[in-house]
Structure formats: structure tokens, C-alpha cells
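Each residue of the sequence shown is one higher than the last, beginning at 0 in numbering that gives the first Met the number 0.
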Amino acid sequence: MFEAFYPVIETKRLVLRPLAISDSESLLSIFSDAEVMKYWNTPPWTSIQNAVDFINDSKDSMLCQASLTLGVYLKPTDELAGKCMLFNYDKESKRAEIGFGLSRACWGKGYIGEAGEALIQYGFNKLGLRRIEAEIDPDNLSSANALEKLGFSREGVLRQRWEINGVVSDSALYGRLVTDEPLKLNNA
Ligand SMILES: CC(C)(COP(=O)(O)OP(=O)(O)OC[C@H]1O[C@@H](n2cnc3c(N)ncnc32)[C@H](O)[C@@H]1OP(=O)(O)O)[C@@H](O)C(=O)NCCC(=O)NCCS
Numbered sequence: 000m001f002e003a004f005y006p007v008i009e010t011k012r013l014v015l016r017p018l019a020i021s022d023s024e025s026l027l028s029i030f031s032d033a034e035v036m037k038y039w040n041t042p043p044w045t046s047i048q049n050a051v052d053f054i055n056d057s058k059d060s061m062l063c064q065a066s067l068t069l070g071v072y073l074k075p076t077d078e079l080a081g082k083c084m085l086f087n088y089d090k091e092s093k094r095a096e097i098g099f100g101l102s103r104a105c106w107g108k109g110y111i112g113e114a115g116e117a118l119i120q121y122g123f124n125k126l127g128l129r130r131i132e133a134e135i136d137p138d139n140l141s142s143a144n145a146l147e148k149l150g151f152s153r154e155g156v157l158r159q160r161w162e163i164n165g166v167v168s169d170s171a172l173y174g175r176l177v178t179d180e181p182l183k184l185n186n187a
């Protein structure tokens, strides 16, 4: 079962695989960008230690099968485009939460459509999930758009759920079930 939390997943244009410490610089440059972190529930990263800690924590939580965090690498250069994850895994309820973030240079190319669908299929087929959910800031339109294209339904809003640096925001909740209509994608 451990291999299920340490996969390499290939799509037409991308490879998804666990992050390595050698990715620290690239990861920092993506997640220190205030635009990328605008709707995140933590401030932009400021030091290489943030990246190293993230990579080590991801590895630990994969080892204990609590979450799956994968780097998204572009073929054929192996450049790190971002990361995607299944976290808050609840084995008994067969549910996990999905999250993703790409470097700004990689937006608008359909990479999350491709990586997201591959990760979702992995969650359904290899981890046995019945439900994948996502929680986003309702103002995060590109993320809402990406989720809707990935076949998620908007299920509700939790009002004033977060306060970050004194700014209060709502959460929009999305869900996709294994039994939902399959997507018709060109890329995944
Ligand atoms: C959320 C995020 C990953 C979405 O990125 P994105 O590039 O908008 O999403 P996709 O990868 O699905 O790309 C879709 C866009 O690529 C375009 N596109 C270009 N080439 C494409 C191709 N070959 N296939 C599919 N779409 C393509 C689509 O037309 C679409 O644009 P549109 O929405 O204007 O129609 C990105 O905005 C991000 O990293 N944000 C910061 C992190 C964040 O907020 N994460 C959410 C918390 S979970």
C-alpha cells in the first residue's frame, strides 16, 4: 500500500511525482510569489527553509499515508511547474481534499486540467476514494474555474471561515464523486 502514496503519474505533457529536496529553490520561487499565494491560507514563503520544511513534511505525511503531495513537472525539460495534493485523507469515509498551485508562468495552459484529472483518477482508482472535495476563497475565480472544468460541483459557502492578517473571508466548498459523470478531456 505504501507505493500508493509514492507514485509517479504521467500525462501527455506532465509528470507528477513526489518532490525532492533538490526542488527547494524552484518551489520557493513559485510559492514566494504573492500572486500565487493571494488566496492561500498562509502568507507567501520567504526563505528556502519554508520549501525544505514543506518537502520534508510532505514526505512524512506520505509515509504515514495521511496525504499525497506531488510536484508537477513539465515534459521534456523536467521544469517544476507547481504542486498538487490530496490531503485531509479520511480512509474510513473514502474522502480527501484536493489542492493545487502553479507558477504564474504556467497559468492558462490547461496544466491543472491535465494534472488535476490524473490526480483525481488516481484518488478514485488507486486510493479507493468515493469523494474528493475542495475549499477555496469564492473570489479565487481561476481556481473555481479549474474546479468546475474538473467536474466539481459547488456545494455551498461557509461564511467568514478564515481570518488571515486581519482579512476575513468566506470559503466555497466543491465536491466530485466517483459516480459523477466522467469528464471528456483531450489531455489527461
Ligand atoms: C488555480 C490555478 C492552478 C489555475 O490555473 P489555470 O492555468 O487557470 O488552470 P488550468 O491549468 O486548468 O488552465 C485553464 C486555462 O488554460 C487554457 N488552456 C490553454 N491551453 C490549454 C490546453 N491545452 N488544454 C486546456 N486548457 C488550456 C484554458 O482555456 C483555460 O483558460 P480559461 O479559463 O481562460 O478558459 C492557478 O490559478 C494557480 O496556481 N493559482 C494560485 C494557487 C491557488 O490559488 N490555488 C487554489 C487553492 S486550491
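Every residue gets a Cβ at the ideal spot worked out from N, C-alpha and C, and that includes glycine.
Drop a sphere of 10 angstroms on the beta-carbon of D136, count the other beta-carbons inside from all chains shown, and report buried for 16 or more, exposed for fewer. buried
Close beta carbons around S170, own chain, < 6 Å, minus the five adjacent residues each side: E134, L157, R160
Between R175 and the rest of its own chain, which residues show a CB-CB distance below 6 Å, the 5 nearest in sequence each way excluded? Cβ neighbours of R175 beyond the five flanking positions: I131, G150, F151.
Beta carbon of L27, beta carbon of N55: below 8 Å? no
Given 8 Å as the limit, is there contact between the segment 55-71 and the segment 1-17, that is, 3 or more CB pairs closer than that? Touching, per the Cβ criterion.
State the start and end residues of the unbroken beta strand (DSSP E) segment that holds D89. 78-89
Taking DSSP as the reference, what is the three-state secondary structure of L182? coil
Along the chain, where does the alpha helix (DSSP H) containing E24 start, and where does it finish? If you look at E24, you'll find it in the alpha helix (DSSP H) that goes 23-30.
Limits of the unbroken beta strand (DSSP E) element including S152: 152-163
G98 Cβ short of 7 Å to ligand 1 heavy atom set: yes
Decide yes or no for the touch test of the segment 28-45 against the segment 100-117: beta carbon pairs closer than 8 Å, at least 3 of them. yes
Any idea what DSSP makes of G174, helix, strand or coil? strand
With which residues is Y72 paired in a DSSP beta bridge? V14, L79
Within 10 angstroms of the Cβ of A187, are there 16 or more other Cβ atoms? Answer buried if so, exposed if not. Only weak support is given to the placement of A187: the predicted model assigns it a pLDDT of 47, under 50, and the question is left unresolved by the model.
Given this structure, state the Cα-to-Cα distance separating R16 from L69, to the nearest angstrom. 5 Å
Please look up how many angstroms separate the CB atoms of G122 and L172, rounded, as I've assumed it's under 8 Å. Wrong, their Cβ atoms sit about 17 Å apart, outside the cutoff.
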